[in-house]
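This report refers to the structure that appears directly beneath it.
Residue numbers (UniProt numbering): 1 to 408.
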């Protein structure tokens, strides 16, 4: 099997790193949306092994380690914890750990991480390379249905790729290549010709009873594009649908969002804005451009008396931070990925009211021996919450002071 991390990128590592661990007995217990934000291993309930497997996979992703190295590290540990071989559990003989299962776990997780990372890059470069072509699998045994898709050329955002972006089944090694319009036309693309007809079959999830329509030729569980599913998770966060999202989905959406190109441009002060002194309507509106950076819990929303749970980071505040938070050499003290810490500070840090400003709230957290601070400010009608300051602070500034009243 070819090394799936030959060309691993930061997007691939981040996709897997952001996943939370969940204990299950069967992979069918999770929906495709849950698989996009969570890591689980079937038949792991009752065994303390899920975090070990995730750490091993993350190490493989970060350090380009192949399956043999992954298995050599994990097999002794899993044997010690009793998660190995065939065992009788609740009257049923089941297979727990084995080299075959480890290979499947390794392949499934690294393949989806790679696919999601590639999809993020495809979205970023689709203006210049607006088409995808389905290419021949490198597997020795090729599935007839998948062979039928070879040569299909469609725009990046065509709905066909929502279900047929590889991998399209267990151990599927199909791939796509992103191409320009000129190459698409030279290869025979004709926009008047319809995409392949998607024929579906009914499949019943034996764990949940859910009935799904699965495209022919695609294995159940592989009928979605993992990168597009994660992007939809972020879109839900941006689209004010957060109340219907689980806390884990919200957390992953925040991590994906602060790693996006839009947030990097905002945080770096690269979006146009002339500063607060320019009160022309156009510039004022530019300063108000904002992206979500964190999400309040219901408890915290109530304690603050807020009418929203979304914490926004505005273009105006980003420009102010970019000017103030600089090192002696002129480089910025903070990068966009640092802002993923804002959510953790709000969730786990000390929370205070600022007695000087009735709508200001200060959150502080000690992380790796360094104190951090985030200041939130509500608008007068309490409908919006903005991140006004985010920085590392001096040790003497950490903790309760005469200006800070504990909030919780």
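Built from N, CA and C at the ideal position, the CB exists for glycine as well.
Each residue's CA atom was taken as its position, placing residue 51 and residue 370 some 26 Å apart.
Runs of the beta strand (DSSP E) spanning 3 or more residues and lying entirely within the segment 298-357 occur at 310-314 and 350-354, in chain order. Annotation for residue 204: the continuous beta strand (DSSP E) segment containing it runs 200-204. In the three-state DSSP reduction, residue 50 falls in the helix class (H, G or I). In the DSSP assignment, residue 165 falls outside any alpha helix (DSSP H) and carries neither an H nor an E.
Your pair residue 12 and residue 175 does not check out as a contact, with CB atoms roughly 15 Å apart and the cut at 8 Å.
Look at residue 226 here: in three-state DSSP terms it is helix. As DSSP reads the structure, residue 132 sits in a beta bridge with 154 and 178. For residue 296, the secondary structure class from DSSP, reduced to helix, strand or coil, is coil. Excluding sequence positions up to five before and after residue 198, its CB lies within less than 6 Å of the CB of 215, all in the same chain and listed in chain order. Note on residue 298: under 16 other CB atoms within 10 angstroms of its CB, so exposed under the neighbour-count rule. Residue 300 sits away from residue 311, with the two beta carbons spaced by 8 Å or more. Beta-bridge pairing by DSSP links residue 378 to 385. Inter-segment contact for the segment 263-280 and the segment 355-373 is absent: fewer than three beta-carbon pairs are separated by less than 8 Å. Rounded to the nearest whole angstrom, the CA to CA distance from residue 83 to residue 210 is 29 Å.
Cα atoms of residue 130 and residue 382: separation of roughly 43 Å, rounded to the nearest angstrom. Here residue 367 has 341 as same chain residues with Cβ atoms under 7 Å from its own Cβ, once five neighbours each way along the sequence are excluded. Residue 227 has its alpha-carbon roughly 7 Å from the corresponding atom of residue 117.
Only residues of its own chain outside the window of five on either side were considered, and among them 318, 319 and 322 have a CB closer than 7 Å to the CB of residue 269, listed in chain order. Boundaries cannot be given for residue 190, as no alpha helix (DSSP H) includes it and DSSP labels it neither H nor E. Exclusion of the five residues before and after residue 325 leaves 332, 333, 334 and 391 as the residues of its chain whose Cβ lies within less than 8 Å of its Cβ.
The three-state secondary structure of residue 212, taken from DSSP, is strand.
Taking residue 261 as the centre and dropping the five residues before and after it, the same chain places the C-beta of 124 closer than 8 Å to its C-beta, in chain order. Taking the C-beta atoms as reference points, residue 18 is found nearer than 8 Å to residue 256.
In this structure residue 290 is in contact with residue 313, their Cβ atoms being roughly 6 Å apart against a cut-off of 8 Å. Taking C-beta atoms as the reference points, residue 16 and residue 168 fail to come closer than 8 Å. The C-beta of residue 180 has fewer than 16 other C-beta atoms within 10 Å across all chains shown, which makes the residue exposed.
Counting of Cβ neighbours within 10 angstroms places residue 70 among the buried residues, the total reaching 16 or more.
With contacts defined by Cβ atoms closer than 8 Å, residue 196 and residue 149 form a contacting pair.
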